[in-house]
């Protein structure tokens, strides 16, 4: 990597501490240059992409898997797969969307491979707090923790949709594409998720409309 | 991007998107960038886990052979497969005590709810096994019961092996 690229990357590394909230692809202007460098085999550029996107990928994986160790494994696999498939990234979507799609595939593969007899339900009646809340508590407070806890009790399909759509801001079409489901299914899962979340947060429909 | 305005949507969209991993994952990623695909961070399998995994493979292979050949050589093959399957099951049952010991050891350190759920799942599987074995006592040549028994033993072996493997890794992190 040449000197000017390194300075450019340092600037974006610094910006990472205050990510924009309005788009799932914040940081996108930096990505094009980094992706181009990484495609030429520049591992340092790819590391910068990792530094820019690992937090969001981890957040996504953690909320979808509900297990810290599994989420970290999924993050690693996501970036390894991304590196191996960089040549297929055509830049039609943002790098953030592309890597989130890989992350979702990695998580879904993991969930599909799970032994159903090993599944331990995390219902609201459980006294033991799921370990992932410890990670979320570092960044969340008060109501946010209640919402995270309610999110974790959702069935897998509904949880994946609400996390991608409502937390990460993807459209129904994008979520449907990522999860490999129909847009109609995505909408009904979101409706179901919202209904369950309201019930678990003691929130009425009129509260929600305020 | 969707246009969310409700209280619930506002609350959800205000959740932090970034959650930092507890450690820097880059060194592990970097180490794998030049390798052929093999990315899962798993501990080496113990002897017992290997045994259970081997059993699972063996059962799967027996079941596949059984069902593929059944159509053309129904009666003869069923007898052969059953005998073959019985030998596999007998071997598994001999080794199960060790798997049980490991299972009990692993779940002892887990939170009570998790432990209860895993014990309940294992009890369900064993109840099913007992019912199938009782059915086989009445109808020893019933191919469906043989298949069900194989499948149930396979699920049991997989559960015991997974608990032994996964919670062996997580053990130091769990609250007692």
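Residue numbers (the working numbering), protein chains in the order written: chain B, 413 to 622; chain L, 3 to 178. For each residue, glycine too, the CB sits at the ideal point set by N, CA and C. Computed from a predicted model, the values in this text were never measured in an experiment.
*Could you round the C-beta distance between residue 162 of chain L and residue 105 of chain L to whole angstroms and report it? I think they count as a contact, below 8 Å.*
Here the question's residue 162 of chain L lines up with position 160 in the second chain. Here the question's residue 105 of chain L lines up with position 103 in the second chain. The beta carbons of residue 162 of chain L and residue 105 of chain L sit about 5 Å from each other, so the pair counts as a contact at 8 Å.
*Kindly indicate if chain L contains any beta-carbon less than 8 Å away from that of residue 590 of chain B.*
Working through the first chain from its first residue, we reach residue 590 of chain B at position 178. Not closer than 8 Å to any Cβ of chain L, the Cβ of residue 590 of chain B fails to qualify, so no.
*Using the Cα positions of residue 111 of chain L and residue 590 of chain B, report the straight-line distance between them to the nearest angstrom.*
The residue you call residue 111 of chain L lines up with position 109 of the second chain. The residue you call residue 590 of chain B lines up with position 178 of the first chain. Those two C-alpha atoms are separated by around 37 Å.
_Against residue 32 of chain L, what residues of chain B qualify as contacts under a CB-to-CB distance less than 8 Å, listed in chain order?_
In the second chain, residue 32 of chain L corresponds to position 30, counting from 1. Ordered by position in chain B, the residues that pass the 8 Å Cβ test against residue 32 of chain L are 455, 459.
*asked:* Applying the 10 Å Cβ sphere with the 16-neighbour rule, what's the burial state of residue 114 of chain L?
replied: Counting from 1 along the second chain, the entry for residue 114 of chain L is found at position 112. Residue 114 of chain L should be labelled exposed.
*Chain-order list of residues whose beta-carbon lies under 6 Å from that of residue 447 of chain B (same chain, five-residue window excluded)*: Position 35 of the first chain holds residue 447 of chain B. Correct list, in chain order: 507.
*Any idea if residue 123 of chain L is buried or exposed, counting beta-carbon neighbours within 10 angstroms, 16 or more meaning buried?*
For the purposes of this step, residue 123 of chain L is identified with residue 121 of the second chain, where counting begins at 1. Residue 123 of chain L sits buried, since 16 or more C-beta atoms from the chains shown fall within 10 Å of its C-beta.
*Which residues, taken in chain order from the segment 12-28 of chain L, show a beta carbon closer than 8 Å to some beta carbon of chain B?*
Within the segment 12-28 of chain L, 13, 14, 15, 16, 17, 18, 19, 20, 21, 22, 23, 24, 25, 27, 28 place their CB atoms closer than 8 Å to a CB of chain B, listed in sequence order.
*Count the C-beta pairs between the segment 490-506 of chain B and the segment 560-580 of chain B that are closer than 8 Å, then say yes if the count reaches three, no if not.*
Because the criterion of three Cβ pairs below 8 Å is not met, the segment 490-506 of chain B and the segment 560-580 of chain B do not touch.
*Going straight from the alpha carbon of residue 479 of chain B to that of residue 473 of chain B, what length do you get?*
As a working note, residue 479 of chain B is residue 67 in the first chain. As a working note, residue 473 of chain B is residue 61 in the first chain. For residue 479 of chain B and residue 473 of chain B, the distance between alpha carbons rounds to 9 Å.
*Name the chain B residues whose beta carbon is nearer than 9 Å to that of residue 35 of chain L?*
Residue mapping note: residue 35 of chain L aligns to position 33 of the second chain, counting from 1. Within chain B, the residues near residue 35 of chain L are 455, 458, 491, 492, 495, 496.
*Can you give me the Cβ contacts of residue 91 of chain L inside the same chain, cut-off strictly under 7 Å, excluding the 5 residues immediately before and after it?*
Residue 91 of chain L sits at position 89 when you count from the first residue of the second chain. Contacts found: 155.
*What is the DSSP secondary structure of residue 615 of chain B, reduced to helix, strand or coil?*
On the first chain, residue 615 of chain B is found 203 positions in, with the first residue counted as 1. Of the three classes helix, strand and coil, the one that applies to residue 615 of chain B here is coil, per DSSP.
*Are the C-beta of residue 579 of chain B and some C-beta of chain L separated by less than 8 Å?*
Locating residue 579 of chain B in the first chain gives position 167, where the first residue counts as 1. Judged by the 8 Å Cβ criterion, residue 579 of chain B is in contact with chain L.
*Run through DSSP, which three-state label would residue 443 of chain B get?*
As a first step, residue 443 of chain B must be located in the first chain, where it is residue number 31. Helix, per DSSP.
*asked:* Between B/607, B/585, B/608, which has its C-alpha nearest residue 597 of chain B's C-alpha?
replied: On the first chain, residue 597 of chain B is found 185 positions in, with the first residue counted as 1. Residue B/585 is the option with its Cα nearest to residue 597 of chain B.
*Over what stretch of residues does the alpha helix (DSSP H) that includes residue 488 of chain B continue unbroken?*
Within the first chain, the letter at position 76 stands for residue 488 of chain B. Looking at the DSSP string, the run of the alpha helix (DSSP H) that includes residue 488 of chain B is 480-496.
*With respect to the alpha helix (DSSP H) encompassing residue 593 of chain B, which residues constitute its N-terminal and C-terminal limits?*
The sequence position of residue 593 of chain B within the first chain is 181, counting from 1. Residue 593 of chain B -> no alpha helix (DSSP H), and no H or E assigned at all.
*Helix, strand or coil: which one does DSSP assign to residue 98 of chain L?*
Residue numbering aside, residue 98 of chain L sits at position 96 when the second chain is read from its first letter. The three-state reading of DSSP puts residue 98 of chain L in helix, counting H, G and I together.
*How would you call residue 164 of chain L, buried or exposed, if buried means at least 16 neighbouring beta carbons within 10 angstroms?*
Here residue 164 of chain L is taken as the residue at index 162 of the second chain, counted from 1. Using a 10 angstroms sphere on the CB of residue 164 of chain L, the tally of other CB atoms reaches 16 or more, which defines it as buried.
*Assign residue 105 of chain L to one of three DSSP states: helix, strand, or coil.*
Residue 105 of chain L sits at position 103 when you count from the first residue of the second chain. In the three-state scheme derived from DSSP, where H, G and I count as helix and E and B as strand, residue 105 of chain L is classed as helix.
*In the DSSP assignment, find the unbroken alpha helix (DSSP H) run with residue 568 of chain B in it and report its ends.*
Here residue 568 of chain B corresponds to residue number 156 of the first chain, with the count starting at 1. For residue 568 of chain B, the uninterrupted alpha helix (DSSP H) run begins and ends at 568-574, by DSSP.
_Nearest-angstrom Cα separation, counted from residue 611 of chain B out to residue 509 of chain B_ = As a working note, residue 509 of chain B is residue 97 in the first chain. As a working note, residue 611 of chain B is residue 199 in the first chain. Between residue 509 of chain B and residue 611 of chain B, the C-alpha separation is close to 31 Å.
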